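Counting from 8, one number per residue, gives the positions in the sequence shown under the working numbering.
Beta carbons: idealized from backbone N, C-alpha and C, even for Gly.
Keep in mind it's a predicted model, so treat the numbers as computed, not measured.
These notes concern the structure reproduced below.
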Amino acid sequence: MTGTHEPGPNAPAASVRLLVAIALASFAILFFQIAITRVLSVVLWYHWAFLSISLAMLGLGAPGVWFALRPPRASALPVLLVLGGLSMPAAVAGVLAIGNRFGAWSVLPCMACLLLPFLLLGGAVCLLLLRARGAAVGRMYGADLLGASLAAALVLPALGWWPTPHVTAALGLLPIAAATLTVRVRTLGGLALSGLAAAAVVAFVAWGGALRVRYTKSYDEALLPPEYVRWTPTARLAFFDRVLSAEQPHGGFGWGFGDKAPKAAVEQRWMEQDGSAGTPITRFDGDVDHMQGLDFLLYDVTTVAYQVRPPRRVAVIGGGGGRDVLTALSTGAQSIDAVELNPGVVETLSTRYRDFAGDIYHARGVHAFVSEGRSFLTRSGGGYDLIQISLIDSWAATAAGAYSLSENNLYTVEAYHLYFERLAPEGILSTSRWMRGDHSLELPRLLFLNQRALREAGVAEPDAHTAVVRGGNVGTVMTSRRPFSADEIERLRGVCAERGFELLYPAPPHADNPTDVPTLLRVGWAGLAAYGLWMEPPTDDRPFFFQSLPVLGTFDTELARAFGVNAMAVRSLQYLMVALLAITVVLFFLPFALQRRLPRGTSFWRGSAYFAAIGLAFMFIEVPWLQRFVLFVGHPSVAATVVIGALLLGAGCGALRSARLGLRRFERLWPLTPLLLAAGNAGMPWLFRTALGWPEPMRIALAVVVLLPIGYLLGHFFPLGMLRFGDTSKAWYWALNGACGVLASVCSLALAMALGFSVVAWVGVAGYVVAGLLLGGAGRARIGAPS
């Protein structure tokens, strides 16, 4: 990087420009990483959406290897920024054009589309950091993290203002703006080139033709065009003038109709979330005193609890298109708390579809709450005669990434304790899940979860509090706070006979069916482990209700395929770990093997171990904490903003102050980092129990207060590590740090599924202990001097 005429990196004017440039590039990278997850969630099955984190880490780290072997000229920086800016809208258009048209193979071309902007912009960030020398590393690294933290804070509001593909494509303007701040392009020709690139991005976004969704993960919108589309930070909502499901033989749509359901002349529309999770919107005139034409709802097995013990006060978790709310109103409920996670659903049904849906969320007796279900119930007064949770799943990743799905937290032992506490003495919890072939593991796992929660609540005979009914491909588990009486069981039998449902429990076991409910309850989840199934009741520390195969174990692929998308997600995660391991080895380490040389300086191996440790440890902290805070702040997308934003903001401030603190003082202070991390990890369950019922702004403020000081200490490790181990091998250390971050981003998820979030975070704590010990002796090195 010599031989140019630009000022040195420590020149005041150039320093400010470069700090702003790296902040803009980092803003674009993190914003793109979060926003593209929403796009991936629509076109690919949700387990692939997690790729954005790994690809971003890959793009940030790999260029360090290339630049270590062959340092580029200074002119490469603006070129990388301009090309990176142009590649962002191209990548969005490419992903939308590919969609899910090639099935599981679609992920490969989508990966290629997304990797290009990450590599180009990651290369630019790497170049900017490589330019810094000595203490300037801390300022440059701090600006990098602060830019990313600002992106985390602004991504949710931006996704609420404008369609996600348009926002994501328009990000290309930021790297182009960053390019104009570098010295090499501050010429008439360079500015003209940047202006043309910016104009191209603006024209592309304004046209918008390539930014429309066509191939979702389950249907082609060219064949099934929606009448209205709305992007939200939580989901893409597509509304249709007809029901998008298999033809309903009974007229009106039902999740699990009994065999005796009559024909129903009912007008319905359809709301699809992220291309795979739909719900009907039923025409309703808004008159709760004369509700006619809704008797067909009683033939759906999700409504059976209303007919066994009619409730007056109901909590519907997952209001959706209002179908369960209509059931509650039609059966005489006087007070209905309808809880919906996505504010766009409530707003759209209350505005555009207000007349059609009868303004269902504001009907007399209905109280709408935009919240995560558990967060709402924690702060509610309880006393519900019925809590209904019917088929709540989205098969979609939020902005927090895949496996951060909000509905996972609804199906844990701790969640069921909360439900029981919020029931009235005569109350029933009604949970419905699929029983069809590719989801046949859901009901057994729900039963095991139900049984364990009852036992932990002190119920000596859980079976007496449980009833299971099947209609079509859906099973409903009813859990009563008091035992079902003999009269109620007879009433339930009568309802089943009248509606054409099948009473699965209480019922005698069938000799020819070893998987019927009585047998399952007798065998338990441990008995299914012999078949290679992981059916242990989920907890808040391992809330993976929909994954029933061991991610770190072996199982037959055909078995996974038979159990559907969720089972195949585990196999996909295994493939992803292997693929990223291979890509990481090729991009990060093979070039050095081919060159047969490493840019070795003093303490090379010690420095390598240090940067590997902090690369692994940071992701082992960030990923599980991100997942755990989903429950606390009440929304996966908010969790991404709070956890990533607070950690990066704190880390950015720490990096900026690292040079002033110095190596000698940090050598004495670094033990505070693992101590704070350990306190946070151990105290998180207590914190959640204590403050989960607080208003959302207070919970977010508390989370920021907890995370900021931890991020501040974490931000010292990278720049002070560069000071400790010198500039000679800087690019190698950058690459090694990035490679370990890539692997940790996926492996942390797999370990969490097998061992739990808290165990993974403890591994991260241990990583910072190792890093601190490796940094020992730093006080003997002069600030700004190579070791």
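Positions of the alpha helix (DSSP H) runs, each at least 4 residues long and wholly inside the stretch 140–176, are given as 143–168 in order along the chain. For the pair R672 and I36, the Cα-to-Cα distance works out to about 33 Å. The three-state secondary structure of G66, taken from DSSP, is helix. The residues R381, L384, T385, in chain order, have a CB closer than 8 Å to that of L425 in the same chain once the five nearest residues on each side in sequence are set aside.
In the DSSP annotation of this structure, the continuous segment of the alpha helix (DSSP H) that includes P726 starts and ends at 724–732. Taking 3 residues as the shortest admissible run, the stretch 629–689 contains no complete beta strand (DSSP E) segment at all. Taking the CA atoms as reference points, T483 sits about 29 Å from E354. When DSSP reads this structure, A375 sits in a beta bridge with A345. In chain order, V323, D331, S437 place their CB closer than 6 Å to the CB of Q395, counting only its own chain and leaving out the 5 sequence neighbours on each side.
Three or more beta-carbon pairs separated by less than 8 Å link the stretch 713–722 to the stretch 651–668, which places the two stretches in contact. Just so you know, the alpha carbons of L654 and I60 end up roughly 16 Å apart. A Cβ-Cβ distance of about 5 Å is found for the pair S283 and S225, placing them in contact under the 8 Å criterion.
Between M542 and the set L136, V308, L122, E449, the nearest pair of CA atoms involves E449. Under the three-state reduction of DSSP output, V323 falls in the strand class.
Counting along the chain, T239 sits inside no alpha helix (DSSP H), nor does DSSP assign it H or E at all.
In the displayed model, T385 falls within a helix according to three-state DSSP. The bridge partners DSSP lists for R108 come to none. Cβ neighbours of G748 within its own chain (closer than 6 Å, five residues either side excluded): M64, G622, M626.
A Cβ-Cβ contact shorter than 8 Å links A176 with L218.
The Cβ atoms of L134 and L84 sit closer than 8 Å to each other. When the five nearest sequence neighbours on each side are left out, the beta carbons in the same chain lying within less than 6 Å of the beta carbon of R443 are those of N480, in order along the chain. With respect to the 8 Å criterion, I288 and G328 are classified as neighbours on the basis of their beta carbons.
Boundaries of the alpha helix (DSSP H) harbouring M118: 114–138, taken from the DSSP string.
Shown here for V321: same chain residues with a beta carbon closer than 8 Å to its own, the five before and five after excluded, namely A335, A340, S342, I343, D344, Y391, D392, L393, I394, Q395 in chain order.
Nearest to P544 by alpha-carbon distance, out of F455, E468, L559, is F455. In terms of Cβ geometry, T338 and Y313 form a close pair [threshold 8 Å]. Around the beta carbon of P232, fewer than 16 other beta carbons sit within 10 angstroms, so the residue counts as exposed. Within the model, the alpha-carbon separation for L137 versus I29 is close to 12 Å.
When beta bridges are read from the DSSP output, Y222 appears opposite D227. Secondary structure note for T358: it is in no beta strand (DSSP E), with a DSSP letter that is neither H nor E.
Two segments are said to touch when three or more pairs of C-beta atoms, one from each, lie closer than 8 Å; by this definition the stretch 708–718 touches the stretch 644–653. In this structure, T241 and G351 form a Cβ contact; the two beta carbons are roughly 7 Å apart against a cut-off of 8 Å. D296 is classed as exposed because its beta carbon has fewer than 16 other beta carbons within 10 Å across all chains shown. Restricting attention to beta strand (DSSP E) runs no shorter than 3 residues, the stretch 495–559 encloses them at 509–512, ordered along the chain. Taking the CA atoms as reference points, S492 sits about 25 Å from V530.
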